[in-house]
Every structure is written in structure tokens, then in C-alpha cells.
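Written below as C-alpha cells is the structure these notes are about.
Protein chains: 2
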Amino acid sequence: MKIGELSERSGLSRDTIRLYEKNGLIASSASKSATNNYREYGEDVLLQLQFVGSARDVGISIADLRELMKAFFDSGDPSEAEKVMVAKVAELKVRIAQIENVISFLDAAIGKVRSGLDGL
Amino acid sequence: MKIGELSERSGLSRDTIRLYEKNGLIASSASKSATNNYREYGEDVLLQLQFVGSARDVGISIADLRELMKAFFDSGDPSEAEKVMVAKVAELKVRIAQIENVISFLDAAIGKVRSGLDGL
DNA sequence: AAAAACAATAGACCATGGTCCATGGTTTGG
DNA sequence: CCAAACCATGGACCATGGTCTATTGTTTTT
Numbered sequence: 000m001k002i003g004e005l006s007e008r009s010g011l012s013r014d015t016i017r018l019y020e021k022n023g024l025i026a027s028s029a030s031k032s033a034t035n036n037y038r039e040y041g042e043d044v045l046l047q048l049q050f051v052g053s054a055r056d057v058g059i060s061i062a063d064l065r066e067l068m069k070a071f072f073d074s075g076d077p078s079e080a081e082k083v084m085v086a087k088v089a090e091l092k093v094r095i096a097q098i099e100n101v102i103s104f105l106d107a108a109i110g111k112v113r114s115g116l117d118g119l
Numbered sequence: 000m001k002i003g004e005l006s007e008r009s010g011l012s013r014d015t016i017r018l019y020e021k022n023g024l025i026a027s028s029a030s031k032s033a034t035n036n037y038r039e040y041g042e043d044v045l046l047q048l049q050f051v052g053s054a055r056d057v058g059i060s061i062a063d064l065r066e067l068m069k070a071f072f073d074s075g076d077p078s079e080a081e082k083v084m085v086a087k088v089a090e091l092k093v094r095i096a097q098i099e100n101v102i103s104f105l106d107a108a109i110g111k112v113r114s115g116l117d118g119l
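Quick note, the sequences are listed as chains R and A, same order.
Throughout the first sequence, residue numbering follows numbering that gives the first Met the number 0, covering 0 to 119 in sequence.
Throughout the second sequence, residue numbering follows numbering that gives the first Met the number 0, covering 0 to 119 in sequence.
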């Protein structure tokens, strides 16, 4: 498919898709084919892009994502690839813990406000 | 305490602290006192700053944080304050779910790599 | 074949969140 | 008293991640 359809289906702008491609997060295939130099994407790229989108939403940087995608797709060394991904999972779990921490803080604050409401 | 000590104790740079103060995340107290115009902070600000630091780490924007801090400290309307905080907690829970989603994705990828390793 | 829709590229532009720097005033310790 | 250490301010600067624009080329559609 061409970038327009991919954009449509992934929910990412054409510009963003091109940016991601330029940064090595995805790859277009047969653009070199012939007449035009339009990017051509397979269905698989849509999946990749959905992952990338969620990951970006969650704050994973483009640089990290490049590393991850590269690990998964281009890595000659699978054990190295695994290492990268496992590390990222660990990082994300830490992040969840941090968020839970912030939530506790807020819950406490909410409790305080509520008791203030009830109390006086 | 003065900004240097607060910086020391909070782990945030002086510049960052000034930035946060300028953006209404914290407030310095008695600077208006007399001779100098040095910022003066109470112990409470250290706590606030620790919260702000964690929240920033977790990706909460300065703008959102201003709203939260304002809700908690300056709000005339406690029920409104509560609303803001509850909303943020909900948002954070969504974020956790998103991260868990990304983790699942990565776990699957790791599984794939591993089976590739084992299989061949 | 001509208009409308789509694509490419490069570069400008923007917001966010910090850091760094220059200048100048204040404190503090020796 | 005087140097070192600290503080203030404003503006420059930086990275990241995206969007927008202009220009030009390719398809499609009628």
C-alpha cells in the first residue's frame, strides 16, 4: 500500500510515517521498482506501525524504538536482540512502578481534600 | 532554605527549580523580605518538588502539573480540585494499561526470538 | 488530455523542557 | 576587607518529535 492508505489505517500522519521511516523504525519496500519513487508498504508494516505508535504514546523515544525494531528485524544476533527487548521490558516495568507511585501520591492528596470537605 | 540547598536535596538543578517556579509548580516564600531577592523555600517545597520530579519523570507535563499543584494548594473549590486529581489518576491508570500492552507486545517478540533460537 | 488527488523532498517552523552563559548583585569565610 | 561561593535575570542554545509549506513529479479520474 502507499503512504496515504498506511496513514489512514495507522492513524499516523504521512509526515510522521516518513519521519519514522527516515529514522529507521519502519522500511518501505519496492519503491525502487520503476517509474515513480513512491514508498510501498506491506501489511506487516501496519502492525509495526501500530506497535511504534503505542510505544511512542507511552514515551519510548524514537532512538530506543529504532534499537528495538532493529533488534527484532535486522539483528544478526538473536541473543543480542533478546537482550535489548528484555531490557526495555524491565525499564517499562520500572516505569509502571513509578506511575503507581505518583498515583499513590495523588490518592493521598485526594484523600486529604476529601477529608477537608467532610471534616469542616 | 535557599535554592542551592533545595537543589542539592531534591536532585533537581537550580535552573530546573527556577523553571518550575516560573511555571507555578512551586512557590518561594519570603524572598520579598528585605535586603536581597533570594528565593527562600520551606521544607514543604522539598516534598512538592519530589512529587513534581516523579511526575515529570513519568511524563506528566508542566502544564498539567501546574493544574494539579494549583488544584491542591490554591483551589478555592475543593471539589474542583478533587476532580482534577481524580481525572489525572484515571489518566495514569490508562497509561499503565498502555504500557502493559507494549510489554505484551515485547514479550511476544521475545518469545519469537527465543523460539527461533531454540528451534534452529 | 486536463484537473484533482496523491506522492516526494527539503527546509522552515513549532512546542516542550531543559541547560548554559553573561552580567551583576549578595553573602560568607578566612 | 576581599575572594570565593552563591543567587538573580534574561536570553541564547539544544534536543526531541512533530507539523506545515513550497515545489515538483506521478496517478487517477473524468
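Where a beta carbon is used, it is the ideal one built from N, C-alpha and C, also for glycine.
In this structure, the CA atom of Gln97(A) is about 38 Å from the CA atom of Gly3(A). With its beta carbon less than 8 Å from one in chain A, Gly58(R) belongs to the interface. Judged by their CB atoms, Ile109(A) and Val44(R) are not nearer to each other than the 8 Å cut-off.
The CB of Ser53(A) comes closer than 8 Å to the CB of Gln97, Asn100, Val101, Phe104 in chain R, given here in chain order. At a cut-off of 8 Å between C-beta atoms, Phe71(R) counts as an interface residue with respect to chain A. Bounds of the alpha helix (DSSP H) holding Ser9(R) are 2 to 9. Here the alpha carbons of Asp73(R) and Gln47(R) stand approximately 14 Å from one another. Taken atom to atom, the span from the alpha-carbon of Ser9(A) to that of Gly58(A) is near 18 Å. Rounded to the nearest whole angstrom, the CA to CA distance from Glu79(R) to Ser60(A) is 34 Å. Along the stretch 74 to 93 of chain A, going in chain order, the ones with a CB nearer than 9 Å to a CB of chain R are Ser74, Pro77, Ser78, Ala80, Glu81, Met84, Val85, Lys87, Val88, Leu91, Lys92.
Collapsing the DSSP output to three states places Leu45(A) in a helix. Annotation: the continuous alpha helix (DSSP H) that includes Leu64(A) extends over 61 to 73. Take Val51(R), set aside five residues on each side of it, and the residues of its chain with a beta-carbon closer than 8 Å to its own are Tyr19, Leu24, Ile25, Leu64, Met68, in chain order. The beta carbon of Gln49(R) sits closer than 8 Å to those of Ser9, all from its chain and outside the five residues before and after it, given in chain order. A Cβ-Cβ separation of about 34 Å leaves Leu5(A) out of contact with Lys87(R) under the 8 Å criterion. The Cβ-Cβ distance between Asn100(A) and Ser53(R) falls below 8 Å.
Look at Arg38(A) here: in three-state DSSP terms it is coil, with no helix or strand label. When DSSP states are grouped into helix, strand and coil, Ser28(A) belongs to the coil group. Across the structure, Asp56(A) and Thr34(R) are spaced so that their CA atoms are roughly 48 Å apart.
At the C-beta level, Glu81(A) and Arg13(R) stay beyond 8 Å of one another.
Ser28(R) places its beta carbon less than 8 Å from that of Glu39(R). For Arg113(A), the neighbours in chain R by C-beta distance under 7 Å run, in chain order, Glu81. The DSSP-derived three-state label of Gly58(R) is coil.
Below the 8 Å Cβ cutoff, chain A contributes no neighbours of Ile61(R), its closest Cβ being approximately 15 Å away.
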